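*Asks:* Here's a structure for you.
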Amino acid sequence: MEPENPVPPAIRHVELKAALLLLLMVALVAGFVLYVLYARGAFQETQKLVLIADDSEGIAVGANLTFSGFPVGRVQRIELSQNGKAKIEVEVPVKDVHWLRTTSVFTLERGLVGGARLRAFTGNLDDPPLPAGAEREVLRGDATEQLPVLLARMRQVLDHMEHITADDSDLNAILANLRAVSTSLTGRYGALGGLLGGDENAKKVIEALDRSNALLASLGDVSAKLGSTLDKTDARVFGAGGVMDQTQQAVVQLNAVLSDARSSLKKADAVLVEAQKVGANTAAATEDLAALRAEVEASVRKISSLIDEVNRKWPFKRDTEIKLP
Amino acid sequence: MEPIASRLRRAGFAAVAFATALTPAAYDPAARRVAANQIYFSAWQILPGFTLVCAALSWLLIRIVIRISNEFGLSAYALEVTVRVLVLELIPLFAALFVGLRSGAAINTEVVLMHIRGDLDVLQRAGRDPLRHELVPRVIGSAVSVTLLAFLNCAVALLLTYYVMYGASPWGLPQFLRITGEVFSPLATIGLSLKTLLFGVVVAAIPITSALAVPRLQRMAPVAVMRGMVSLMLALVVIEGTFLAITYI
């Protein structure tokens, strides 16, 4: 028995249409796979950069590394390194790697909304380019993690404020003292009473001032007397026939005496020159005397020997020999 | 209530259908004709209309997401949210639901009638394997249809998203590529492909199993269709939920 027409009437080119759809499906799936590979950078040449962070919270695989707001890299892997720090491996496409230099700074920022953001800053684009596989420390900036510290400090500040404004606080004591001072400022002796701590003291100061004034007046008299004394002294010393004039005359006389003395000295000097000459002559004469003495001695010796000779030859010579029997 | 054995049988049928679909020997001219017919009915006939409706809904959703993102100051996340919600989740589910309601119900009715009338036994007696010649080609046809509709409309949705976000300017392309590249992680891509394939298989397999599970009584035909549709709905929800959990948890 044949089935009761289970298949509807034949459709024209049904297999062709099905094949077309099948082709379309294959093309779509292949296109989708290629698109995903391209979008994920599978066809891009990349360079590795390792960022070391204290805490990688908020960073996920696939997160971007941005430079001036433009993504220049993508987190490929996050792991805990041997020293307990987070090691974030970033793949940077070779076409974008020129934005990163050896002096570049990397930051990890956490906002109140969304995940953490990795950012790169390059101060000088002329610095040497970042080598492949470079390791860099990440600076952290976190809006929320400062909040507890901020709150703690705020509390501290508020405690201080409370302490300052308490009833027994130093500030209150100062204000009370200030009030006392201002009250005394408006008293009989004004600021002086306030400064010296009472009207009695202020009174004493005023009395002392009065006495000083009296003292100053008597000092004025003394100075006037001293002035007249000085005038008189001036007249005695510097006036006509005063000490100064006499002194001047004495000086003139002394001058004349000195001139005389100078001429006497000159004469003495000439005498001395003469004496020097005499001395020199005496010295020369003394030298001649020595020679003369020598000659005299020689002559005496000759005469002596001559006398001896004469004595020997002289018949009357005295017999000097003792003849023994 | 459907017995557990029946559910297992259904899972078994889906597995057998999948295995048969991967066997080249199964594609003889008769089976190919049934599969071609199924693709024609499930995909060719509805392709323009479905694409249009899907594009309109996508456009609406994209606008809503972008507007709300802007209002909350989260416009940077608009593209990612749109692609995740629309391309990864809604469009494949929408395609599976559409094919299931249209072709799944038809397959269910057709197979239950063949089952009640004994057409399948007749085929078997004539030396033709009803599984290979009548049932598996329908599953293959449905799978191709769901995959085709899902991927085509995902592409349309991506184009629409780009247009709504950046207009006709090409300058948004690098950012668009980068963000969609992040969304289509290996896990998400494999998940999307596997999920779409599973949707395509269950859209025909569950109605067929439901049809074959009822006693051969004329009055049981509507019951079989009802059970098939409910089971299909549940299966789609379970698959979607499972993949969501795997991707995001």
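Chains as they are written, first to last, in this note's numbering: chain P, 1 to 325; chain Y, 1001 to 1249.
Every residue, glycine too, gets a C-beta built ideally from N, C-alpha and C.
Keep in mind it's a predicted model, so treat the numbers as computed, not measured.
What is the C-beta distance between P1092/Y and F1199/Y, in whole angstroms, given that I count them as a contact (C-beta under 8 angstroms)?
*Replies:* Sure, about 6 angstroms apart at Cβ, within 8 angstroms.
*Asks:* Does any residue of chain Y have a CB that is nearer than 8 angstroms to the CB of G41/P?
*Replies:* yes
*Asks:* Taking only beta-carbon atoms, is L1177/Y less than 8 angstroms away from chain P?
*Replies:* Interface residue, yes.
*Asks:* When we look at the beta-carbon of T1147/Y and count the other beta-carbons within 10 Å, is it buried (16 or more) or exposed?
*Replies:* buried
*Asks:* Would you grab the beta carbon distance between G73/P and L49/P for me? Rounded to a whole angstrom, and I think it's under 8 angstroms.
*Replies:* 6 angstroms
*Asks:* Could you work out which residue in L1090/Y, A1204/Y, G1191/Y and D1121/Y is closest to L1057/Y when comparing CA atoms only?
*Replies:* L1090/Y
*Asks:* Check whether the region 1132-1139 of chain Y touches the region 1024-1041 of chain Y, counting contact only when three or more Cβ pairs, one atom from each stretch, lie closer than 8 angstroms.
*Replies:* yes
*Asks:* Go through its chain and collect everything with a Cβ distance to V205/P's Cβ below 7 angstroms, but skip five positions before and after it.
*Replies:* L192 and L196
*Asks:* Just to check my reading of the structure: A120/P and L100/P have Cβ atoms closer than 8 angstroms, yes? What is that Cβ distance to the nearest angstrom?
*Replies:* 6 angstroms
*Asks:* Could you have a look at P129/P and say whether DSSP puts it in helix, strand or coil?
*Replies:* strand
*Asks:* Can at least three beta-carbon pairs, one atom from the region 1203-1215 of chain Y and one from the region 1096-1116 of chain Y, be found at a separation below 8 angstroms?
*Replies:* yes
*Asks:* Output needed for V1201/Y: all residues of its chain with C-beta closer than 8 angstroms, excluding positions within five of it in sequence on either side, in chain order.
*Replies:* A1014, A1017, F1018, V1139, S1142 and A1143
*Asks:* Would you mind telling me which residues of chain P sit closer than 8 angstroms to F1018/Y, beta carbon to beta carbon, in chain order?
*Replies:* Within chain P, no residue comes near F1018/Y; the closest Cβ sits about 17 angstroms away, beyond 8 angstroms.
*Asks:* Could you name the residues of the region 1128-1148 of chain Y whose beta carbon sits closer than 9 angstroms to any beta carbon of chain P, in the order they occur along the chain?
*Replies:* E1134, G1141, V1144, S1145, T1147 and L1148
*Asks:* Measuring only between beta-carbons, confirm whether M161/P sits less than 8 angstroms from chain Y.
*Replies:* no
*Asks:* Starting from the C-beta of N1263/Y, find all residues in its chain whose C-beta is less than 8 angstroms away, skip the five residues before and the five after it, and write them out in chain order.
*Replies:* Residue 1263/Y lies beyond the stretch modelled for chain Y, which goes from 1001 to 1249, so this question has no answer here.
*Asks:* Distance check for R1084/Y and D55/P, CA to CA, integer angstroms please.
*Replies:* 28 angstroms
*Asks:* Starting from Q47/P and walking both ways along the beta strand (DSSP E), at which residues does that stretch end?
*Replies:* T46 to A53
*Asks:* Answer with yes or no whether the minimum CB distance from M1001/Y to chain P is below 8 angstroms.
*Replies:* Unreliable placement is indicated for M1001/Y, whose pLDDT of 43 sits below 50; the coordinate value is still reported in the next sentence. For M1001/Y, the answer is no, since every Cβ of chain P falls outside 8 angstroms of its Cβ.
*Asks:* Alpha carbon to alpha carbon, how far is K277/P from A250/P?
*Replies:* 40 angstroms
*Asks:* Are there 16 or more other CB atoms within 10 angstroms of the CB of M1001/Y, so buried, or fewer, so exposed?
*Replies:* The predicted position of M1001/Y is uncertain, since its pLDDT is 43 and thus under 50; no value can be drawn from it.
*Asks:* Sort R1219/Y, F1176/Y and A1105/Y by Cα distance to V1230/Y and report the nearest one.
*Replies:* A1105/Y
*Asks:* What number of angstroms, rounded off, separates the C-alpha of A1188/Y from the C-alpha of M161/P?
*Replies:* One Cα belongs to A1188/Y, the other to M161/P, and the distance between them is close to 57 angstroms.
*Asks:* Excluding the 5 residues preceding and the 5 following E4/P in the sequence, name in chain order all residues of the same chain whose CB lies nearer than 6 angstroms to its CB.
*Replies:* For E4/P, the predicted structure reports a pLDDT of 49, less than 50, and the residue's modelled location is therefore unreliable. A value from the coordinates is still provided. If we look at E4/P and ignore the five residues flanking it on each side, it has no Cβ neighbours.
*Asks:* Flag this pair as yes or no: are the beta carbons of A1078/Y and I1064/Y separated by less than 8 angstroms?
*Replies:* no
*Asks:* Please confirm whether Y1040/Y has its beta-carbon closer than 8 angstroms to some beta-carbon of chain P.
*Replies:* yes
*Asks:* Check distances from the C-beta atoms of the region 1191-1217 of chain Y to those of chain P and list, in chain order, the residues that come in under 7 angstroms.
*Replies:* none
*Asks:* Short of 9 angstroms Cβ to Cβ, which residues in the region 1032-1058 of chain Y face chain P?
*Replies:* R1032, R1033, V1034, A1035, A1036, N1037, Q1038, I1039, Y1040, F1041, A1043, W1044 and L1047
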